[in-house]
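Accompanying notes for the structure given below.
Number of protein chains: 2
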Amino acid sequence: MRNPSDAPTPPSDELGPVEPTGTKLQIIEAALSTLRSEGYAGASARAIARSGGFNQALIFYHFGSVRNLLLAVLDLISQRRMQAYAAAFEGADTAAELAALAQRIHADDLRQGYITVLGEMVAGGITDGELGAEVAARIEPWITMVEHKITRLLRGSPLAALAAPRDLAFGLVALYFGADMLGHLQRDQARPESLLQLATRLSVLIDAITPARPRGQT
Amino acid sequence: MRNPSDAPTPPSDELGPVEPTGTKLQIIEAALSTLRSEGYAGASARAIARSGGFNQALIFYHFGSVRNLLLAVLDLISQRRMQAYAAAFEGADTAAELAALAQRIHADDLRQGYITVLGEMVAGGITDGELGAEVAARIEPWITMVEHKITRLLRGSPLAALAAPRDLAFGLVALYFGADMLGHLQRDQARPESLLQLATRLSVLIDAITPARPRGQT
DNA sequence: GTCTATACTTGGATAGAC
DNA sequence: GTCTATCCAAGTATAGAC
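Protein sequences, first through last, are from chains A and B.
For the first sequence, my numbering begins at 8 and goes up steadily by one.
For the second sequence, my numbering begins at 8 and goes up steadily by one.
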């Protein structure tokens, strides 16, 4: 369990959450894996400890409760996704580029089960107000990020009159989330993928009626 | 618990599921209520029995297992929604009428918690293959229904070239599902509603570029 | 068809040894 | 910081009286 190369979490000048290391990280990873394979209902302290090969009591020592641990899982996922995509997302200047990026992200999400885990936490959060608020707070940055991108992307476009960027952003996130969830129910049909292809085709139309701007301009 | 006016389920000439009555119905309603307020993870035999004021053992006598009972809840919901909306849905001939109907259905779903319950079952089904297949089978009719409507609605429209009706139908159902789920996470923001308003505005555009046809024509 | 009682398993959480 | 041992609440499911 112990990893000798891991010093205790070093002091950090940055505000906000720090990526956990050592044992805490191992526990979070085990929880992620369990949440993914067993769901929210099956993510018990014992199941997580079994999956990670460590003692059940460690969860309560390091996180206080199973719930806190599961929220730490969401934090880890959020940080990793942000780190992996924020730059590419910022750099995408056309709808077509964004559609291509969405395909890449979706492939990752499928492989890592990120949205599956998020979905389990959303399901848990709907019937548990406090948990729900925490989960919502962890989704919010993604909606905001999409909203800002839409605002810049549609500046000067006739499409801008259609809807508030915030509503569009919420809709896109909800669509992505819903399609991933429903897509997992039966393996064979692979329908989220056909939606991404549709997005690619639509992006061409959107770019066609939207004025281009110099790359990187905000 | 017993309801003297309920004869044992009468023989039926119809194929397919029959709406349960008497004790079975009471148990299903209690399970629906519990699933809604406690979620999939909290919908135990004991919790359901407590909510309905009957004995826990009855669940196993009538349904064999908690899982079967929860599937019966989905069946009941599906039947009720179908009965309530199938006629109005069939009769809607324009995108605008469909958008208005969607608003009505959404108001009902919110009040009854239907999508909340569905979401909990989807979350359960993602990590349980057998359950997932059963849940998927109960969502399928709704996708098909939307698909057929789209096919007829877009006949002769330039929009028909954009995407396969099946993909659009899956996308609309996924969007509706995802927006409802995420919308429940934090009470205040009420964002699914703004999406429905967006749908209303879009429906006007869609109808404008789509040839009208005589009412009721398929 | 319904209830009581019970067997057995699993869960969250903690105390205290190491 | 980690492990063993344990308490106690809650879970599924069944047997058998009524």
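Even glycine gets a Cβ: it sits at the ideal position worked out from N, Cα and C.
Practice prompt. Count the C-beta pairs between the region 104 to 123 of chain B and the region 30 to 37 of chain A that are closer than 8 angstroms, then say yes if the count reaches three, no if not.
Written response: no
Item to complete: Report the residues of the region 114 to 134 of chain B with a CB closer than 8 angstroms to any CB of chain A, ordered along the chain.
Response: 123, 126, 127, 129, 130, 131, 132, 133, 134
Worksheet item: For residue 78(B) versus residue 141(B), is the C-beta distance shorter than 7 angstroms?
Response: Residue numbering aside, residue 78(B) sits at position 71 when the second sequence is read from its first letter. Residue numbering aside, residue 141(B) sits at position 134 when the second sequence is read from its first letter. Yes, they are a contact pair.
Worksheet entry | residue 214(B), enclosing alpha helix (DSSP H) - first and last residue | Within the second sequence, numbered from 1, the residue matching residue 214(B) stands at position 207. It spans 198 to 215 - the alpha helix (DSSP H) in which residue 214(B) sits, taken as one unbroken run.
Worksheet item: What number of angstroms, rounded off, separates the C-alpha of residue 134(B) from the C-alpha of residue 126(A)?
Response: Taking the second sequence and counting its residues from 1, the one referred to as residue 134(B) is at position 127. Taking the first sequence and counting its residues from 1, the one referred to as residue 126(A) is at position 119. Looking at the two C-alpha atoms, the distance is approximately 11 angstroms.
Worksheet item: Which word fits residue 84(A), buried or exposed, when buried means at least 16 other C-beta atoms lie within 10 angstroms of its C-beta?
Response: For the purposes of this step, residue 84(A) is taken as the residue at position 77 of the first sequence. With 16 or more Cβ atoms within 10 Å of its Cβ, residue 84(A) is classed as buried.
Worksheet entry | Sequence-distant residues of the same chain with beta carbon closer than 7 angstroms to residue 179(B), five excluded per side | Sequence index remark: in the second sequence, residue 179(B) carries index 172 (1-based). Closer than 7 angstroms at the Cβ level, and outside the excluded window around residue 179(B), lie 153.
Discussion item. So for residue 123(B), helix, strand or coil by DSSP?
Written reply: Here residue 123(B) corresponds to residue number 116 of the second sequence, with the count starting at 1. Of the three classes helix, strand and coil, the one that applies to residue 123(B) here is helix, per DSSP.
Worksheet item: When you compare only the Cα positions, how much space is there between residue 36(B) and residue 109(B)?
Response: For the purposes of this step, residue 36(B) is taken as the residue at position 29 of the second sequence. For the purposes of this step, residue 109(B) is taken as the residue at position 102 of the second sequence. Roughly 25 angstroms separates the two Cα atoms.
Worksheet item: Can a CB atom of chain B be found closer than 7 angstroms to the CB of residue 170(A)?
Response: Walking along the first sequence from the start, residue 170(A) turns up at place 163. So, interface residue.
Discussion item. Beta-carbon within less than 7 angstroms of residue 58(B)'s beta-carbon, same chain only, minus the 5 sequence neighbours each way: which residues are those?
Written reply: Your numbering for residue 58(B) matches position 51 in the second sequence. These residues qualify, in order along the chain: 37, 40, 41.
Worksheet item: How should residue 46(A) be labelled, buried or exposed, when 16 other C-beta atoms within 10 angstroms of its C-beta is the threshold for buried?
Response: For the purposes of this step, residue 46(A) is taken as the residue at position 39 of the first sequence. With 16 or more other Cβ atoms within 10 Å, it is buried.
Discussion item. DSSP three-state label for residue 43(A), please.
Written reply: The sequence position of residue 43(A) within the first sequence is 36, counting from 1. Here residue 43(A) sits in helix by DSSP.
Worksheet item: From which residue to which residue does the alpha helix (DSSP H) around residue 172(A) run?
Response: Here the question's residue 172(A) lines up with position 165 in the first sequence. Run containing residue 172(A): 172 to 192, per the alpha helix (DSSP H) assignment.
Worksheet item: Mind checking if residue 152(A) is an interface residue toward chain B, Cβ cutoff 7 angstroms exclusive?
Response: Walking along the first sequence from the start, residue 152(A) turns up at place 145. No, its Cβ sits nowhere closer than 7 angstroms to a Cβ of chain B.
Discussion item. Quick check on residue 80(A): buried or exposed, where buried means 16 or more other Cβ atoms within 10 Å of its Cβ?
Written reply: In the first sequence, the residue the question calls residue 80(A) occupies position 73. By the 10 Å Cβ count, residue 80(A) comes out buried.
Discussion item. Measuring straight from C-alpha to C-alpha, what distance separates residue 94(A) and residue 172(A)?
Written reply: On the first sequence, position 87 is the one that residue 94(A) refers to. On the first sequence, position 165 is the one that residue 172(A) refers to. Distance between the alpha carbons of residue 94(A) and residue 172(A): 21 angstroms.
Practice prompt. Compare the Cα-Cα distances from residue 207(A) to each of 104(A), 168(A), 181(A), 143(A) and report the closest residue.
Written response: The residue given as residue 207(A) occupies position 200 in the first sequence. Answer by Cα proximity: 104(A).
Worksheet entry | Neighbouring residues, chain A, relative to residue 142(B) (Cβ below 8 angstroms) | Along the second sequence, read from residue 1 onward, the residue named residue 142(B) stands at position 135. Simply 192.
Worksheet item: Does the Cβ of residue 123(A) lie closer than 6 angstroms to at least one heavy atom of the ligand GDP?
Response: With respect to small molecules bound, the structure shown includes none, and the ligand GDP cannot be examined in it.
Discussion item. Assuming residue 192(B) and residue 129(A) are in contact, meaning their beta carbons sit under 8 angstroms apart, how far apart are those beta carbons, in whole angstroms?
Written reply: On the second sequence, position 185 is the one that residue 192(B) refers to. On the first sequence, position 122 is the one that residue 129(A) refers to. Yes, residue 192(B) and residue 129(A) are in contact; Cβ-Cβ is about 7 angstroms, under 8 angstroms.
Item to complete: Return yes when the Cβ of residue 203(A) is within less than 7 angstroms of the Cβ of residue 181(B), no when it is not.
Response: Residue 181(B) sits at position 174 when you count from the first residue of the second sequence. Residue 203(A) sits at position 196 when you count from the first residue of the first sequence. No, the Cβ-Cβ distance between residue 181(B) and residue 203(A) is not below 7 angstroms.
Discussion item. Pop quiz: residue 25(B) and residue 52(B) are said to be a contact at Cβ under 8 angstroms. What is the actual Cβ separation, rounded to whole angstroms?
Written reply: As a working note, residue 25(B) is residue 18 in the second sequence. As a working note, residue 52(B) is residue 45 in the second sequence. Actually they do not touch by this definition, with Cβ atoms about 24 angstroms apart.
Worksheet item: In chain A, which residues lie with their C-beta within 9 angstroms of the C-beta of residue 174(B)?
Response: Here residue 174(B) corresponds to residue number 167 of the second sequence, with the count starting at 1. Going along chain A in sequence order, the residues near residue 174(B) (Cβ under 9 angstroms) are 198, 201, 202, 204, 205.
Item to complete: Output, in chain order, the set of chain B residues within a Cβ distance shorter than 7 angstroms of residue 49(A).
Response: Your numbering for residue 49(A) matches position 42 in the first sequence. The contacting residues are 134.
Discussion item. Can you pull the chain A neighbours of residue 44(B), defined as C-beta to C-beta under 8 angstroms?
Written reply: Here residue 44(B) is taken as the residue at index 37 of the second sequence, counted from 1. Near residue 44(B) (Cβ distances below 8 angstroms), the residues of chain A are 134.
Discussion item. Going by DSSP in three states, residue 219(B) sits in which element: helix, strand or coil?
Written reply: By 1-based counting over the second sequence, the position of residue 219(B) is 212. Three-state result, residue 219(B): coil.
Fill in: Cut-off 8 angstroms between Cβ atoms - residues of its own chain near residue 211(B), not counting five sequence neighbours on either side
Counting from 1 along the second sequence, the entry for residue 211(B) is found at position 204. For residue 211(B), where only same-chain residues beyond five positions count, the Cβ hits under 8 angstroms are 102, 103.
Discussion item. Please report the straight-line C-alpha distance between residue 137(A) and residue 196(B), rounded to a whole angstrom.
Written reply: Along the first sequence, one-based indexing puts residue 137(A) at 130. Along the second sequence, one-based indexing puts residue 196(B) at 189. For residue 137(A) and residue 196(B), the distance between alpha carbons rounds to 16 angstroms.
Worksheet entry | Helix, strand or coil at residue 99(A) [DSSP, three-state] | Taking the first residue of the first sequence as position 1, residue 99(A) is located at position 92. Note: residue 99(A) maps to coil in three-state DSSP.
Discussion item. Does chain A have any CB closer than 7 angstroms to the CB of residue 164(B)?
Written reply: Against the second sequence, residue 164(B) aligns to sequence position 157. Answer no: the Cβ-Cβ gap between residue 164(B) and chain A never drops below 7 angstroms.
Item to complete: Please state whether DSSP places residue 166(B) in a helix, a strand or coil.
Response: Here residue 166(B) is taken as the residue at index 159 of the second sequence, counted from 1. Reduced to three states, the DSSP call for residue 166(B) is helix.
Worksheet item: Using the C-alpha atoms, what's the distance from residue 71(A) back to residue 169(A)?
Response: Indexing the first sequence from 1 puts residue 169(A) at position 162. Indexing the first sequence from 1 puts residue 71(A) at position 64. If I take the Cα positions, the gap works out to 47 angstroms.
Worksheet item: Nearest-angstrom Cα distance between residue 201(B) and residue 106(B)?
Response: Taking the first residue of the second sequence as position 1, residue 201(B) is located at position 194. Taking the first residue of the second sequence as position 1, residue 106(B) is located at position 99. Rounded to whole angstroms, residue 201(B) to residue 106(B) spans 12 angstroms at the Cα level.
Worksheet item: Looking at C-alpha atoms only, which residue of 66(B), 149(B), 64(B) is the closest neighbour of residue 96(B)?
Response: For the purposes of this step, residue 96(B) is identified with residue 89 of the second sequence, where counting begins at 1. Nearest C-alpha to residue 96(B): 149(B).
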